[in-house]
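Colleague:
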Amino acid sequence: MHSNNFRKAAILVLSLTTMLIGGYELYLRHLGYTISFDDSESIFADKKRKIYLPKDDATVFIGSSRIKFDVNTELWRGLTGETPVQLANVGSSPIPVLKALAADSLFKGKLIIDVAEPLFFDLSGRSFERPQKCLDFSKNETPAQRFSFHINTLLESNFVFLDKDNFALSALLEYLPIPPRPGKLDFPKYPTEFGLMNFDRNSSMSNRFVDHDQKGVKMMQDIWMQLAAMGAKAPPTPEPVIDSFIRDVKLKTDQIIARGGQVAFLRPPSSGPLWKGEQMGFPRDKYWEKILTVTGCKGMHFADYPELNKMNCTEFSHLRQSDANVFTKKLVEVLSKEMGWKFKANNQ
Amino acid sequence: MVFNSYTFIVFFAVVLFVHNLPFKWTFKKVHLLLASYLFYAVWNPPFILLLLFSTFIDFQVGKNLSTEQNPTKRKWWLAASLVGNLGPLAYFKYGEFMLENFVSLSSLAGFDFHPAAPDIILPVGISFYTFQTLSYSLDMYNRKYAPEKSFLDFALFVTFFPQLVAGPIVRPDELIPQFKSPVKATLLQFNHGMFLLTLGLFMKVVLADSLLAGPADAVFSAGKDMNAIDAWMGVLAFSGQIFFDFGGYSTCAIGIALCLGFTIRDNFFYPYAAIGFSDFWRRWHITLSTWLRDYLYIPLGGNRKGIIRTYINVMLTMLIGGLWHGANWTFVVWGGLHGLYLAVEKYIQDKRKAHSHEPGPHPHLKPNFAHAMLTFFLVNITWVFFRAQDFTTAWSLLKSMFLFGNAKELVLNYLDILKVSVVITGMIIVHWQMRHKKVLTVAESKPWWSVGLVWTFLLVMLILSQESTSSFIYFQF
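As you go down the protein sequences, you meet chains A and Z in turn.
With my numbering applied, the first sequence closes on residue 608, and no number is skipped along the way.
With my numbering applied, the second sequence closes on residue 475, and no number is skipped along the way.
1) Roughly how many angstroms lie between the CA atoms of Thr5 (chain Z) and Pro69 (chain Z), to the nearest whole one?
2) Exposed or buried, which one is Phe149 (chain Z) when buried takes at least 16 other CB atoms within 10 Å?
3) Mind checking who Ala524 (chain A) pairs with in its DSSP beta bridge?
4) My understanding is that His283 (chain Z) touches Asn311 (chain Z), with C-beta atoms under 8 Å, so please give their C-beta distance in whole angstroms.
5) Give a yes or no on whether the C-beta atoms belonging to Glu407 (chain Z) and Met224 (chain Z) are separated by under 8 Å.
6) Check for me: the beta strand (DSSP E) holding Phe321 (chain A) runs from which residue to which?
7) Should Leu361 (chain A) and Ile303 (chain A) be called a contact, given that it needs their Cβ atoms to be closer than 8 Å?
8) Is it true that the stretch 301 to 319 of chain Z meets the stretch 337 to 344 of chain Z, where meeting means three or more beta-carbon pairs spaced less than 8 Å apart?
9) Name the DSSP beta bridge partners of Met457 (chain A), please?
10) Taking a contact to mean a Cβ-Cβ separation below 8 Å, would you say Thr157 (chain Z) touches Leu49 (chain Z) in this structure?
11) Can you tell me whether Gly358 (chain Z) is buried or exposed, with buried defined as 16 or more other CB within 10 angstroms of its CB?
12) Among A:Phe427, A:Ile411 and A:Leu371, which one has its Cα closest to the Cα of Leu291 (chain A)?
13) Using a Cβ-Cβ distance cut-off of 8 Å, determine whether Arg267 (chain A) contacts chain Z.
14) Since Lys444 (chain A) meets chain Z, which of its residues come closer than 7 Å, beta carbon to beta carbon?
15) In chain Z, which residues lie less than 7 Å from Ala404 (chain A) when you measure between Cβ atoms?
16) What does DSSP give as the partner residue(s) for Pro344 (chain A) in the beta ladder?
17) What three-state label does DSSP hand Ser79 (chain Z) in the structure shown?
18) At a CB-CB cut-off below 9 Å, which residues of chain A make contact with Asn189 (chain Z)?
19) Kindly indicate which three-state DSSP category Glu377 (chain A) falls into: helix, strand or coil?
20) Do Ala235 (chain Z) and Val418 (chain Z) have their beta-carbon atoms positioned less than 8 Å apart in this structure?
21) Helix, strand or coil for Trp41 (chain Z), going by three-state DSSP, please let me know.
22) With a threshold of 7 Å on Cβ separation, who are the neighbours of Phe525 (chain A) within its own chain once the five nearest residues in sequence on each side are excluded?
23) Classify Val168 (chain Z) as helix, strand or coil using the three-state DSSP reduction.
24) Closest to Asn349 (chain A) by CA distance: which of A:Met465, A:Thr294, A:Met457 and A:Leu280 is it?
25) Tell me, please, whether the CB atom of Asn412 (chain A) is closer than 8 Å to any CB atom in chain Z?
26) Check whether the stretch 135 to 144 of chain Z and the stretch 69 to 85 of chain Z are in contact - that is, three or more C-beta pairs closer than 8 Å.
27) Per DSSP, what kind of secondary structure is Ser448 (chain Z) in: helix, strand or coil?
28) In terms of residues, what are the limits of the alpha helix (DSSP H) holding Ala111 (chain Z)?
29) Would you mind telling me which residues of chain Z sit closer than 7 Å to Val273 (chain A), beta carbon to beta carbon, in chain order?
30) If we call anything under 8 Å between Cβ atoms a contact, is Ser479 (chain Z) one with Gly60 (chain Z)?
31) With 16 other CB atoms within 10 Å as the buried threshold, where does Val440 (chain Z) fall?
32) Return yes when the Cβ of Ala584 (chain A) is within less than 8 Å of the Cβ of Asn332 (chain A), no when it is not.
33) Strictly under 8 Å for the Cβ-Cβ distance: is Leu433 (chain A) near chain Z by that measure?
34) Applying the 10 Å Cβ sphere with the 16-neighbour rule, what's the burial state of Glu465 (chain Z)?
35) Identify whether Glu434 (chain A) lies in helix, strand or coil by the three-state DSSP scheme.
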């Protein structure tokens, strides 16, 4: 092949690739999909850099998916006038991030810790993996990785197809009609619009998913119940171990408070059989109340507020967007009125 | 900086633009040198000093070796280069390993020694650039060619960014002469380079990261005995992953250099079509195996000192080659197994030769797919030790693979098995079909539209895979 022929091939490549990728993007937009960011280590690291904002300028959230779904960060920003720093991780314990914040002498800010008991009290280490990976990346991030993140953000902000969990090659392969392998426990791929994420790392379910995707909602309910059943089968953690764990949490929260920081615990809603199972598995007096008593921190439990208690998590574990707004407003109200937290917006 | 990152796309676009501006050649070389330092520094800036140290040492040692006539002093200069290059390598790469072994030995001897765990960061690519600069000093010692007079050209040889952190390990006489006169890629070279870059990224991002890394990681991190199918699929996935990862990097490096107008020799030549282990090492990580042959095996005596010494030399070379890959005894066993295979192969070949009634040269094996598959099978056994983090994992996996036990534990799902089966089957077919061919020669023999369609497929898959920042496996070596 002569250079002219290779040039023709190159022109064909550019034209076809633009058409195919452009067509894919237009197709996804036509189906109603919107921009969603990947929950990568890079975006976690980007948010973590904001923990050093002054105490009256930011609040850090740590925990699991519940706080990511249930606290609307944009609304939080509007209500408080401050920056929400979302450091929670899906399916994870807040403990690794709590430890990192406690050990960081420069962190002196406001901190809200999500208590989803099955994850908060999971001492197996499995729920530590994801946050630890994010923290390690954050610590070792190279200038090149940070630069790539900024370019990636620019691209992800403009292209729907750049959503690794849903539209990347590996995700597309999961749509192949391949039966589950007998004897191998596998969870199906989450529905596309179950976990949309914005640049604040705030996750949400689309209204289309909640209201119209009954199959998807049922799938998520089954997944949560299957996970809960697996947790229930595990041998119970002895009470002295739990007590020791809570004392360790106290040491961490004390370190932050001693530097002038503020810490509150938050129990977001869950519903249906999942909520019943969590009440049975983690009785409030032995877990939630004990955390507050031992640490001396204040907390907000959704069940204590009628307007939150009546909320229904469609797939049992997370609030729909409109309910997340109500929950966020209540949280700000409780923090400022009952716990005495000061927010920039209150002072203006 | 990794090739599969947005940072690199921006960096490479700027480098290409400046390289093609009508500046003086010296300016362009300074630009390439600074770009190479930047390429390295955006990973961990302080380690640039190590690179500079290695550059200065070998440039100076090369000069002195060329003028010094006293044999003893020449040996001292060579020793200075060896210490200057291998010293940092020993500290950064093998420091923790040596300490661990020292503690174990102390414990065996009854001493209770608990030193503080060192926290040593391995400078990326140190094994590669150390061997590259060391080859210059060794060639100077052997008076292979005249010393390089231009520090700029020498520094660029050491740091040339396409192959700086993971090879191919280039020899001074291959690269430095290319810096002597202005170089700019022709349109054909540029297109070839971009094609190779796309192919290399496809191998790394789509095949290694997106399709094979998951099953390989799941099996090697399972921490338990498992079903034989799962164990085999995990090992096959890794054998594909390591080839596509490292072969992909080398293909990218060659393509990037070609876009700038430079030629770098091949590092892989369809290794899984190898018939026997001598053939395998002529196809796998070619620049390392030739380095070890020229600077270790031959100086040890090669095959010139009798049959027993030949076997010992082969084994020593492969053991050191194993240790080069990583500071762990599992790598030594990997190298030892390859040494054993090579020794057995040589023994069989010598026996056949002795019993052959046919006159003439050594009777080669005819290219036989079954022999290639036997080689591939045995290579896979070695990958178990290469990938396993410890011997417990390796043994557990071998037991599972060869049904020594009744473990029925399932680790992979059907999709994983399908991915591994399709990619590995495709890989073997391509390697066998291409075992005597070069990809660019094949591309040139095809109509432009078919090359365009294949190239489009590679690029679209690359964009769709959205795996943009994972590091290359060989960076850790």
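Even glycine gets a Cβ: it sits at the ideal position worked out from N, Cα and C.
Modeller: Well, looking at it:
1) Distance between the alpha carbons of Thr5 (chain Z) and Pro69 (chain Z): 49 Å.
2) By the neighbour-count criterion, in which 16 or more other beta carbons inside 10 Å mark a residue as buried, Phe149 (chain Z) falls on the exposed side.
3) The secondary-structure analysis by DSSP pairs Ala524 (chain A) across a beta bridge with A:Ile372 and A:Lys558.
4) In fact, because the Cβ distance is near 19 Å, the residues do not count as touching under 8 Å.
5) In this structure, Glu407 (chain Z) lies near Met224 (chain Z), with their beta-carbon atoms less than 8 Å apart.
6) For Phe321 (chain A), the enclosing beta strand (DSSP E) stretches over residues Ala318 to Ile322.
7) No, these two residues do not count as a Cβ contact at 8 Å.
8) At 8 Å Cβ cutoff, the stretches touch.
9) Answer is A:Ser463, bridged to Met457 (chain A).
10) Yes, the pair counts as a contact, with Cβ atoms nearer than the cut-off.
11) With a pLDDT of only 49 at Gly358 (chain Z), under the threshold of 50, the placement of this residue in the model should not be trusted, and no figure is reported.
12) Put simply, of A:Phe427, A:Ile411 and A:Leu371 the residue whose alpha carbon is nearest the alpha carbon of Leu291 (chain A) is A:Phe427.
13) It does; some Cβ of chain Z falls within 8 Å.
14) Chain-ordered, the chain Z residues with CB closer than 7 Å to the CB of Lys444 (chain A) read Leu408 and Asn411.
15) What Ala404 (chain A) touches in chain Z: Met(-1), Ser3, Thr5, Val40 and Trp41.
16) Pro344 (chain A) pairs with A:Thr319.
17) Ser79 (chain Z) falls in the helix class under three-state DSSP.
18) The answer, in chain order, is Ser263, Phe266, Arg267, Ala269 and Ala270.
19) DSSP places Glu377 (chain A) in helix when its eight states are reduced to three.
20) For Val418 (chain Z) and Ala235 (chain Z), yes; Cβs fall inside 8 Å.
21) DSSP places Trp41 (chain Z) in coil when its eight states are reduced to three.
22) So the list reads Ile373, Val375, Ile551, Leu552, Cys557 and Gly559, once near-sequence residues are dropped.
23) Coil, per DSSP.
24) Checking every option, the nearest Cα to that of Asn349 (chain A) belongs to A:Met457.
25) Residue contact check for Asn412 (chain A) against chain Z: a CB pair falls below 8 Å.
26) Taking a cut-off of 8 Å on C-beta distances, the stretch 135 to 144 of chain Z touches the stretch 69 to 85 of chain Z, as three or more cross pairs fall below it.
27) Of the three classes helix, strand and coil, the one that applies to Ser448 (chain Z) here is helix, per DSSP.
28) The sequence given here has Phe at residue 111 (chain Z), not Ala. Where Phe111 (chain Z) is concerned, there is no enclosing alpha helix (DSSP H), given that its DSSP letter is neither H nor E.
29) Chain Z residues near Val273 (chain A): Gly450, Trp453, Thr454 and Leu457.
30) Residue numbering for chain Z in the displayed model covers -1 to 475; residue 479 (chain Z) lies beyond these limits and cannot be assessed.
31) By the 10 Å Cβ count, Val440 (chain Z) comes out exposed.
32) Going by C-beta atoms, Asn332 (chain A) is nearer than 8 Å to Ala584 (chain A).
33) Yes, Leu433 (chain A) lies at the interface with chain Z (some Cβ there is under 8 Å from its Cβ).
34) Per the 10 Å Cβ criterion, buried.
35) Reduced to three states, the DSSP call for Glu434 (chain A) is coil.
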